[in-house]
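Student: Line by line, the protein sequences give chains U and R. In terms of the working numbering, the first sequence opens at residue 1 and continues consecutively. In terms of the working numbering, the second sequence opens at residue 1001 and continues consecutively. From the three backbone atoms N, C-alpha and C, an ideal C-beta is built for every residue, glycine too. Quick caveat, the model's predicted, so the values are computed rather than measured. Pasting a structure here, questions to come.
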Amino acid sequence: MSGPLAGLRVLEWCDELGQLAGKLLADMGADVIKVEPPQGSSARTIGPFVKDIPGPNRSLNFWYHNTNKRSMVLDVEKNRDDCAVFQALAARADILVEDRLPGTMNALDLSYSSLSASNARLIHCAITPFGQDGPWANYASSDLVSLALGGPMMMNGYNTEDVPGAPPIRGHGDQGYNTACHYAVQGILAALLFRDRSGEGQYIDASMHEALSSTTEVGLPYWFYKRQDVIRQTGRHAAATRTDEWLHQAGDGRGIIIYGVGRDNASWKKIKAWLQGEGFGMNFDETRFDDPKARQQARGAPEAAEIMAEMGRFIAAHDAETIYRGGQERRQPWGAVRSPEENLDDPHWADRGFFVGATGEGVDQPALMPGAPYLFSATPWELRRPAPRLGEHTEEARAAVNEGRWP
Amino acid sequence: MPLPLEGIRICDLTWIIAGPTATRVLADFGAEVIRVEHGQSVDAIRLGRPIVGEHPTLNNSGFFNYFNRNKKSVLLNVRHPMGTDLLRQLIAKSDVVIENFSSGVMESWGLGYEELKALRPDIIYCAISGFGHSGRDKAFTTFGPTAQALSGLTHLSGLPGKPSAGWGFSYMDHTAGYYGAMAIMMALHHRNVTGEGQQIDISQVEAGIVLTGPVVLDYTINGRSWRREGMPPGNRAWEPAVAPHGAYSCAGDDRWIAIAVMNDAEWEALVRAMEEPAWARGPKFATNTARLANQDELDTRIENWTSEFEDYEVMELLQAAGVRAGVCQKASDRFERDPQFKARDWWTSLPHPEVGDSDYDSVAPRLSRSPGEARFASPLIGQHTWEVLREVLGMTDEEIAEQDAAGVLM
């Protein structure tokens, strides 16, 4: 079987900002040629490295974000012949995705207007920190800086009483780059569907700043409708005013997210039985706990506070995974705060075949990494090849271009 | 200008945020998104704050309005056999069915994938749930913060030795929705090429784990866990390991500037922008290795400098010097001050019958020939019931009135 994008030719010229966009297309069957300068994409210099030995083929960041691609070395910016090869590839590509700074492509005569002159069906997606125009277009950014300007970061952090003076916090994992790529690929696919219908390609201006600003949930509605900024809170949603805690520390020192307990009678009965079976909440049979309204924290009832205090003792007497599973078995949408790799031990993901094996320089036995973000019944996600070594496919690609065909 | 998804009809059974985010993307790009709503089991976000006015009316939630522009709403009593029949007719006329119920709900309605296929052989059926529709824990459920916690994203956000800061919003509701939108568009392309539809199963937790790839590989290859001492490292860089890298306080209340220095050249630029203070010229900070080793002192000294300035002032000063720097913007900053959004006409407004003129953001990314567009505000509950039954299902007004009288359209 092959993916839903099988047969599509993608030319990628991306570093850490845009590389996920190419992966999302490649993992679903597109034929992605990644163009890299002689020293390699800058993502190849990002650690961690295999067994901590740096090298262009040992970056785990590069390994993860470049699955299913081929690598071709072209010195597009410094060598006119290589630039011509790039043009020849773009003339035969369905999609070009690049993350050069505004102006770079124009200076190399690789603008959309120039490339589309010989390929009207080309979809050219340019991913940049701020978009192609505007006063910040040429400002320098990074994942951190974009998460700050776009708005997500100012919603993450701590109550002042929990950590006095704490700054807003950037969640890790390059989520700014990821979100930029999620939007870029949405645009590419919308353009592809338009091309399916019309035969016409187009240019896509994908700004990370705009993508991130659209990824702040309740932040914008509060400004739009109340002219109010939400405030940061420890381990839970930013809100207009302080709200009840969700994040608790279990007996093993790990976090557990739980929401209000027993809003409905059915789940209250189950949770009460769970606690009382272990000697907690023995007074919960008193009739004053019977009214669901008395059990809601937000209403400020003393019963609700009592329940949460007892829950806190119950949680502290167990490990986070026990509370998570026990809650879920009683239909509570609770979750343990796991470190990402702790999911390797959860058999549910094995049932779904989620983790897949990575190999490469220094790693012969496949090492597990996350796989499909979606399961397609007819055209599934597939790991066809690991991330390429630098220039692994240069020779075959050049030979094909010389023969006037797509590699 | 044409819309890229014109002519695509989505039967939208989603609620809360993850599913509606997926259909917001599709609706922005021009798909006809028909929200099927049930008055007995209403989308809780229709009651979500911020509310315009004193009491929730199902139509005055700013939260709902933000996620449901460009969509239609049909009221249908899906527990009434005639209501189920209308839903089946609507599915037969739709290209896509999307839902984000708990696993098993669609089957209990007799609308599993096989039944959907019987109604429309090339249907694309996308399900977004917490744990997916297979696997031993498929009955477990999530909110966004649950998925963030389990996937590892919450643990990646915080100061060392403190509880997780986590994500101050449902990042994984947004992002599971983005994966839903991408998946549906990929499946539509495949259908365009082959005529074949399919089923798509998205787990919100899996989509979250996908965003932590290098962290997982560092464990499976190098044996390092983010449980180790000093992790998570707050705003300091993990990889590439560089310094300075953080958010520094500025003049005023709760004002911060994010600064990322990725190499020695950028450090030089920062030192020049700070007007070459003597401390910055010492061997303690001459190389990245030295700066990493002396990060506590480095951060204190930089914050002493930034706190003398207004945040936008530092940003301009540093950007002029070529240093990556940006204000930690609140929503008010983005809307009122951010000159980039202004110059690119990012903010727009649409009339809404109950909440009046509503602010919106535009559509990212920007397509040159067939751009997405914010065309109309979110629908009142049931606003398009008659229109859809008439125009999509071809019913006469008499037939619709009959259904209405039988209690089907509520």
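Consider the Cβ of residue 1348/R: report whether some Cβ of chain U lies at a distance smaller than 9 Å.
Tutor: With 9 Å as the cut-off, residue 1348/R does not count as an interface residue toward chain U.
Student: If I'm right that residue 1257/R touches residue 1306/R with Cβ under 8 Å, what's the distance once you round it to whole angstroms?
Tutor: Contact holds; Cβ gap of about 5 Å.
Student: Which one of 1078/R, 1138/R and 1408/R has the shortest CA to CA distance from residue 1110/R?
Tutor: Residue 1110/R has its Cα closest to that of 1078/R, out of 1078/R, 1138/R and 1408/R.
Student: The alpha helix (DSSP H) that contains residue 1045/R, what's its start and end?
Tutor: Where residue 1045/R is concerned, there is no enclosing alpha helix (DSSP H), given that its DSSP letter is neither H nor E.
Student: Can you grab the Cα-Cα spacing for the pair residue 404/U / residue 384/U, in whole Å?
Tutor: Each residue's Cα considered, the two are about 26 Å apart.
Student: Taking 9 Å as the CB-CB limit, is residue 1174/R close to chain U?
Tutor: It does: the Cβ of residue 1174/R has a partner Cβ on chain U nearer than 9 Å.
Student: Going by C-alpha distance, which of 364/U, 331/U, 350/U and 381/U is nearest residue 1141/R?
Tutor: Of 364/U, 331/U, 350/U and 381/U, the residue nearest in Cα terms is 331/U.
Student: Have a look at 1130/R, 1234/R, 1191/R and 1138/R and flag the residue whose alpha-carbon is nearest the alpha-carbon of residue 1160/R.
Tutor: Nearest option by C-alpha distance: 1234/R.
Student: Does the beta carbon of residue 315/U come closer than 9 Å to any beta carbon on chain R?
Tutor: Cβ-Cβ to chain R under 9 Å: no for residue 315/U.
Student: Assuming residue 1317/R contacts residue 1270/R under a Cβ cut-off of 8 Å, what Cβ separation, rounded to an integer in Å, is found between them?
Tutor: Actually they do not touch by this definition, with Cβ atoms about 10 Å apart.
Student: Hey, which unbroken runs of the alpha helix (DSSP H) at 4 residues or more fall wholly within the region 217-302 of chain U?
Tutor: Those alpha helix (DSSP H) runs which fall completely within the region 217-302 of chain U and span 4+ residues are 219-226 and 265-277.
Student: Would you mind reading off the limits of the alpha helix (DSSP H) that contains residue 1190/R?
Tutor: Counting along the chain, the alpha helix (DSSP H) containing residue 1190/R begins and ends at 1171-1194.
Student: Within its chain, find whatever has a CB closer than 7 Å to the CB of residue 177/U; leave out the 5 residues flanking it on each side and keep chain order.
Tutor: Only 16, 17, 20 and 143 meet the Cβ criterion.
Student: Just to confirm, are residue 1212/R and residue 370/U a CB contact at a threshold of 9 Å?
Tutor: Contact flag set, yes.
Student: So, residue 50/U versus residue 261/U, is the Cβ gap smaller than 9 Å?
Tutor: Going by C-beta atoms, residue 50/U is not nearer than 9 Å to residue 261/U.
Student: CA-CA distance, residue 1373/R and residue 345/U?
Tutor: Cα to Cα, residue 1373/R sits roughly 44 Å from residue 345/U.
Student: Return yes when the Cβ of residue 1020/R is within less than 9 Å of the Cβ of residue 1177/R, no when it is not.
Tutor: Cβ atoms of residue 1177/R and residue 1020/R: closer than 9 Å.
Student: Report yes or no: is there a C-beta of chain R within less than 9 Å of the C-beta of residue 90/U?
Tutor: Taking Cβ atoms only, chain R never reaches closer than 9 Å to residue 90/U, which makes this a no.
Student: Taking the C-alpha atoms as reference points, what is the distance between residue 1191/R and residue 1014/R?
Tutor: Cα to Cα, the separation comes out at about 22 Å.
Student: Take residue 296/U and list the residues in its own chain whose beta-carbon comes closer than 7 Å to its own, dropping the five residues that flank it on each side.
Tutor: Closer than 7 Å at the Cβ level, and outside the excluded window around residue 296/U, lie 260, 263 and 304.
Student: Which residues of chain R have a Cβ atom closer than 7 Å to the Cβ of residue 268/U, listed in chain order?
Tutor: Simply none; closest approach about 17 Å.
Student: Between the region 192-210 of chain U and the region 155-165 of chain U, can you find at least three pairs of beta-carbon atoms closer than 8 Å?
Tutor: They do not touch, by the three-pair rule.
Student: DSSP has residue 1095/R in a bridge; who is on the other side?
Tutor: DSSP, once it has assigned bridges, lists no residue as partnering residue 1095/R.
Student: Tell me which residues of the region 1222-1236 of chain R have at least one Cβ-Cβ distance to chain U shorter than 9 Å, keeping chain order.
Tutor: Residues 1222, 1224, 1225, 1226, 1227, 1231, 1232, 1233, 1234 and 1235.
Student: Within the 9 Å Cβ cut-off, does residue 1327/R reach chain U?
Tutor: Residue 1327/R counts as touching chain U.
Student: If the cut-off is 7 Å on Cβ atoms, which residues from the region 1036-1062 of chain R count as contacting chain U, listed in chain order?
Tutor: Under the 7 Å Cβ criterion, the region 1036-1062 of chain R contributes 1050, 1052 and 1062.
Student: Distance, Cα to Cα, residue 294/U vs residue 1049/R?
Tutor: Cα to Cα, residue 294/U sits roughly 22 Å from residue 1049/R.
Student: On the criterion of 16 or more Cβ atoms from any shown chain inside 10 Å, does residue 1055/R qualify as buried, or is it exposed?
Tutor: That one is exposed.
Student: Give the list of continuous alpha helix (DSSP H) stretches no shorter than 4 residues that lie fully inside the region 1239-1315 of chain R.
Tutor: Entirely contained in the region 1239-1315 of chain R, the alpha helix (DSSP H) runs reaching 4 residues are, in chain order, 1264-1273, 1288-1293 and 1295-1306.
Student: Under the assumption that residue 29/U contacts residue 6/U (Cβ atoms under 8 Å), give the Cβ distance between them as a whole number of angstroms.
Tutor: Indeed they touch by this definition, with Cβ atoms about 4 Å apart.
Student: With distances taken between CB atoms, is the gap from residue 235/U to residue 1405/R smaller than 9 Å?
Tutor: No, Cβ-Cβ distance for residue 235/U and residue 1405/R is not below 9 Å.
Student: With distances taken Cα to Cα, identify the nearest neighbour of residue 1242/R among 1214/R, 1278/R, 1225/R and 1294/R.
Tutor: For the residues 1214/R, 1278/R, 1225/R and 1294/R, the minimum Cα distance to residue 1242/R belongs to 1294/R.
Student: Threshold first: 3 residues or longer. Then list the beta strand (DSSP E) segments lying entirely within the region 1110-1161 of chain R, N to C.
Tutor: DSSP runs (the beta strand (DSSP E)) wholly in the region 1110-1161 of chain R: 1124-1129.
Student: Strictly under 9 Å for the Cβ-Cβ distance: is residue 50/U near chain R by that measure?
Tutor: Chain R, which has a Cβ nearer than 9 Å to the Cβ of residue 50/U, makes this yes.
Student: Do residue 151/U and residue 1240/R come within 9 Å of each other at the CB atom, strictly closer than that value?
Tutor: No, Cβ-Cβ distance for residue 1240/R and residue 151/U is not below 9 Å.
Student: Within 9 Å (strictly less), CB to CB, does residue 184/U reach chain R?
Tutor: Yes, residue 184/U lies at the interface with chain R (some Cβ there is under 9 Å from its Cβ).
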